[in-house]
Amino acid sequence: MFLKFSLRSVFYGAGGGNDIQWCFSQVKGAVDDDVAEDIISTVEFNHSGELLATGDKGGRVVIFQQEQENKIQSHSRGEYNVYSTFQSHEPEFDYLKSLEIEEKINKIRWLPQKNAAQFLLSTNDKTIKLWKISERDKRPEGYNLKEEDGRYRDPTTVTTLRVPVFRPMDLMVEASPRRIFANAHTYHINSISINSDYETYLSADDLRINLWHLEITDRSFNIVDIKPANMEELTEVITAAEFHPNSCNTFVYSSSKGTIRLCDMRASALCDRHSKLFEEPEDPSNRSFFSEIISSISDVKFSHSGRYMMTRDYLSVKIWDLNMENRPVETYQVHEYLRSKLCSLYENDCIFDKFECCWNGSDSVVMTGSYNNFFRMFDRNTKRDITLEASRENNKPRTVLKPRKVCASGKRKKDEISVDSLDFNKKILHTAWHPKENIIAVATTNNLYIFQDKVN
Amino acid sequence: MMLSKGLKRKREEEEEEEKEALAVDTWWLDPGHPAVAQAPPAVASSSLFDLSVLKLHHSLRQSEPDLRHLVLVVNTLRRIQASMAPTAALPPVPSPPTAPGIADNLLASSDAALSASMASLLEDLSHIEGLSQAPQPLVDEGPPGRPTGGAPPSLGALDLLGPATGCLLDDGLEGLFEDIDTSMYDSELWAPASEGHKSSPEDGPGKEEAPELDEAELDYLMDVLVGTQALERPPGPGR
Chain A
296 MFLKFSLRSV FYGAGGGNDI QWCFSQVKGA VDDDVAEDII STVEFNHSGE
346 LLATGDKGGR VVIFQQEQEN KIQSHSRGEY NVYSTFQSHE PEFDYLKSLE
396 IEEKINKIRW LPQKNAAQFL LSTNDKTIKL WKISERDKRP EGYNLKEEDG
446 RYRDPTTVTT LRVPVFRPMD LMVEASPRRI FANAHTYHIN SISINSDYET
496 YLSADDLRIN LWHLEITDRS FNIVDIKPAN MEELTEVITA AEFHPNSCNT
546 FVYSSSKGTI RLCDMRASAL CDRHSKLFEE PEDPSNRSFF SEIISSISDV
596 KFSHSGRYMM TRDYLSVKIW DLNMENRPVE TYQVHEYLRS KLCSLYENDC
646 IFDKFECCWN GSDSVVMTGS YNNFFRMFDR NTKRDITLEA SRENNKPRTV
696 LKPRKVCASG KRKKDEISVD SLDFNKKILH TAWHPKENII AVATTNNLYI
746 FQDKVN
Chain B
16 MMLSKGLKRK REEEEEEEKE ALAVDTWWLD PGHPAVAQAP PAVASSSLFD
66 LSVLKLHHSL RQSEPDLRHL VLVVNTLRRI QASMAPTAAL PPVPSPPTAP
116 GIADNLLASS DAALSASMAS LLEDLSHIEG LSQAPQPLVD EGPPGRPTGG
166 APPSLGALDL LGPATGCLLD DGLEGLFEDI DTSMYDSELW APASEGHKSS
216 PEDGPGKEEA PELDEAELDY LMDVLVGTQA LERPPGPGR
């Protein structure tokens, strides 16, 4: 039994999105969907995968920690339980502009762990914060000048001295804001990305990208500025940005026109001129009034290797080789059946939804969300894809998820769902993949689902 | 539905508003309708144009518009309009009459968003950026020829009283509508009544009228955009 499991891991463990049998593991969040503040707005595993952070519309961050279990003997990998909850951002009022600044957390990015504490960056539309999450499981007892309840003793009553000792206590996890990076963005921040030097990071809004040092909060360098001198000429905005995982001088940013620009910070201080421009020519047979909207890139992610990058536009996921600018090397259709419905989706604004995408640890499978609480995985090696659903129904632990299928037209087969029956209010915008294992976190509107591959 | 200054809309209200604002003919939602099923027509219907204009209007009414949404809608609107009248001579849009009520700047209240075109709204943001007390981001010296402010010299940002010199609207409004044929506004499909705007002029649909905008049509256009501001503000001097 043990040997079979090992062989299976060797052949299938690292990839094979469809050789994997995905099982429901956990769901977090309220059963009813009505609380606006609980809407999950970002999901991110830390570098080891032990911690999983979510941010929500109410400005809160919830961190889950994986239980450390004996993997050989257990039926599943450890469960994720709440580790820390804190209010990262509060609603603010900008008096100069008479505007309320939303506290919704747009992005969370973890720093690699350097000591016992964990650090993450969280951002709303305007302000980025560096949070330190640390554990306390001991407390000192036996002070000379303080009683146990904290009251100070009169020094004249002290006749002997003792050395305080540390005694164990119930684990307390504390989150404290260590840096606040404010007042550098006029427009709404859509991305933050930590550099591979682990000293600097970038933040991007609709028109500008700034470079920060993690230790310095009172200034940042502007490295990209696409704001036209005359705002009437504005036709394009920045939609996402990310540092290269290995080259600390390289970053990319995507636009609402479907282009990705790769910039090298060594070339000039202001990276308005790109080193590379990635753009796929429009397919004339698919041209429509909505061509630009659906080409707008909602997310860009480098592969772990740094050789590729993935972009998500409204209908597809594209994989680009950094050495080839004129077209992607792979394109995967997420929900092509929506192409004939673009008019309706424009009318109800769904066409503006911003889906994210992610890589698995070995860069062999990519995942992204869709509507009706469906999410899709594409195996780059086998070229097979699968559609799964995040739903509380029929989800018992270790139940294998049944693949879903959408019937685009014609006679609907049993167990298929027709396009017109899709619920466009149930959208999966945020997904994350454990950096090392086949564990995924999928966020519906206000629930977080955790799925694992079937063990044994 | 007017928003008071700084009031944060709840999610449900937002959705209700959307439904109100987008209450136009929804024939294109009928899956049986050929226009939905097949490839999009080479020429867009006026309904699609109106929908886009409504979206633009709705976007501008936000206290802080989503720039991406705004830019995408404007670009789509231009595409649609270009396909609808590729050969018609675009009527020149004369300078709108300077109405003092309109000239209040963005800082005065979130109502001001109603009166600003996209360009003027964003111009104001760039004014404010220059004014911000915050530590300035260290901007590099280039690219040459691109001033960071880009603001017209008559900085109305702090001037809360009296009419500005029209800096907010002149360029902005012209810039937005130069290439858009606004005779569509005479169409019955433009139904701002749900938002308490002044009702459409009684004199018939635009078909009967000459394509050029005359004074009355322009006033109507201005009123529609300024709309509730004209209703809610006491008339200023000169109006």
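Those protein sequences? They're chains A and B, same order as listed. When you line the first sequence up against this note's numbering, it's residues 296 to 751, in that order. When you line the second sequence up against this note's numbering, it's residues 16 to 254, in that order. Cβ coordinates follow ideal geometry from the N, Cα and C atoms, glycine included. Note that the structure is a prediction, hence the values are computed from the model and not measured.
Under a Cβ-count criterion, where at least 16 other Cβ atoms within 10 Å of its own Cβ denotes burial, should residue i be classed as buried or exposed?
i: A:Tyr493; result: exposed
i: A:Asp329; result: exposed
i: B:Leu44; result: Residue placement at B:Leu44 is poorly supported in this model, since its pLDDT is 41, which falls under 50; the coordinates still yield a value, given next. Counting Cβ neighbours within 10 Å, B:Leu44 comes out exposed, since fewer than 16 surround it.
i: A:Gly553; result: buried
i: A:Ser704; result: exposed
i: A:Asp710; result: exposed
i: A:Asn541; result: exposed
i: B:Gln96; result: buried
i: B:Leu121; result: Unreliable positioning characterises B:Leu121 in this predicted model, as indicated by a pLDDT of 30, which lies under 50. A coordinate reading is not provided.
i: A:Tyr603; result: buried
i: A:Gly664; result: buried
i: A:Leu440; result: exposed
i: A:Ile511; result: exposed
i: A:Asp500; result: buried
i: A:Gly353; result: buried
Is it the case that the Cβ atoms of residue i and residue j are separated by a distance below 8 Å?
i: A:Phe669; j: A:Arg707; result: no
i: A:Cys653; j: A:Thr726; result: yes
i: B:Leu82; j: A:Tyr482; result: yes
i: A:Leu502; j: A:Phe516; result: no
i: A:Leu743; j: A:Ile428; result: no
i: A:Gly324; j: A:Ile400; result: no
i: A:Ile614; j: A:Val629; result: no
i: A:Val338; j: A:Ala738; result: yes
i: A:Val519; j: A:Cys566; result: yes
i: A:Cys645; j: A:Phe719; result: yes
i: A:Trp753; j: A:Arg473; result: The shown model of chain A, from 296 to 751, leaves out residue 753 of chain A, and the question about it has no answer.
i: A:His599; j: A:Gly344; result: no
i: A:Asp674; j: A:Ser659; result: yes
i: A:Phe746; j: A:Phe388; result: no
i: A:Thr724; j: A:Glu631; result: Sequence inspection shows Leu at residue 724 of chain A; the Thr mentioned does not correspond to that position. Contact: no.
i: A:Ser417; j: A:Ser383; result: yes
Based on the DSSP secondary-structure assignment, which residues constitute the bridge partners of residue i?
i: A:Met560; result: DSSP output for A:Met560 lists no bridge partner at all.
i: A:Leu416; result: A:Arg404 and A:Leu425
i: A:Gly664; result: A:Phe670
i: A:Lys323; result: A:Leu743
i: A:Leu394; result: A:Asp389
i: A:Thr606; result: A:Val595 and A:Lys613
i: A:Gln628; result: A:Ser611
i: A:Ser549; result: A:Ala535 and A:Ile555
i: A:Gln360; result: A:Leu346 and A:Asn376
i: A:Glu711; result: A:Lys700
Considering Cα atoms alone, identify which of the options is closest to residue i.
i: B:Leu63; options: B:Leu236, B:Leu82 and B:Met99; result: B:Met99
i: A:Ile504; options: A:Ser393, A:Ser657 and A:Cys558; result: A:Cys558
i: A:Val326; options: A:Glu688, A:Ile723, A:Phe746 and A:Ser704; result: A:Glu688
i: A:Leu610; options: A:Lys636, A:Leu617 and A:Arg622; result: A:Lys636
i: A:Lys409; options: A:Asn667, A:Arg355 and A:Asn341; result: A:Asn341
i: A:Arg431; options: A:Pro459, A:Lys402 and A:Met464; result: A:Met464
i: A:Glu385; options: A:Glu397, A:Asp680, A:Ile315 and A:Glu531; result: A:Glu397
i: A:Leu394; options: B:Leu69, B:Asp238, B:Gln77 and B:Val239; result: B:Gln77
i: A:His274; options: A:Asn419, A:Pro692 and A:Thr626; result: Nothing about residue 274 of chain A can be read from this structure; chain A reaches only from 296 to 751.
i: A:Pro692; options: A:Ala348, A:Gly353, A:Gln363 and A:Gly373; result: A:Gly373
i: A:Glu620; options: A:Leu572, A:Val468, A:Leu456 and A:Ser686; result: A:Leu572
i: B:His73; options: B:Leu236, B:Val88 and B:Ser60; result: B:Val88
i: B:Arg93; options: B:Asp65, B:Met237, B:Val239 and B:Leu240; result: B:Asp65
i: A:Leu752; options: A:Thr626, A:Phe597 and A:Thr682; result: Outside the modelled stretch of chain A, which goes from 296 to 751, sits residue 752 of chain A, for which no answer is possible.
i: A:Glu528; options: B:Val68, B:Leu69, B:Asn90 and B:Ser67; result: B:Asn90
i: A:Val458; options: A:Tyr447, A:Ala470 and A:Tyr438; result: A:Tyr438
i: A:Arg282; options: A:Asn581, A:Asp680 and A:Thr495; result: Nothing can be reported for residue 282 of chain A: it is not among the residues displayed for chain A, which extend from 296 to 751.
i: A:Ser379; options: A:Ile521, A:Lys402 and A:Ala348; result: A:Ala348
Quick test of your reading: residue i and residue j, contact by CB under 8 Å. State the CB separation rounded to the nearest angstrom.
i: A:Lys433; j: A:Phe461; result: 4 Å
i: A:Phe414; j: A:Ser488; result: Not really, about 15 Å apart at Cβ, beyond 8 Å.
i: A:Asp333; j: A:Asn690; result: Contact flag wrong, Cβ pair sits at about 20 Å.
i: A:Asn782; j: A:Leu717; result: Residue 782 of chain A cannot be examined here, being either before or after the span of chain A that is shown, 296 to 751.
i: A:Asp748; j: A:Asn733; result: 4 Å
i: A:Ser586; j: A:Asp608; result: The pair is not a contact, with the Cβ atoms about 11 Å apart (cut-off 8 Å).
i: A:Glu364; j: A:Asn376; result: Incorrect: roughly 12 Å between the Cβ atoms, too far for contact.
i: A:Thr534; j: A:Ile592; result: 5 Å
Output, in chain order, the set of chain D residues within a Cβ distance shorter than 8 Å of residue i.
i: B:Val86; result: Structure shown: chain D not included; protein chains present are A and B.
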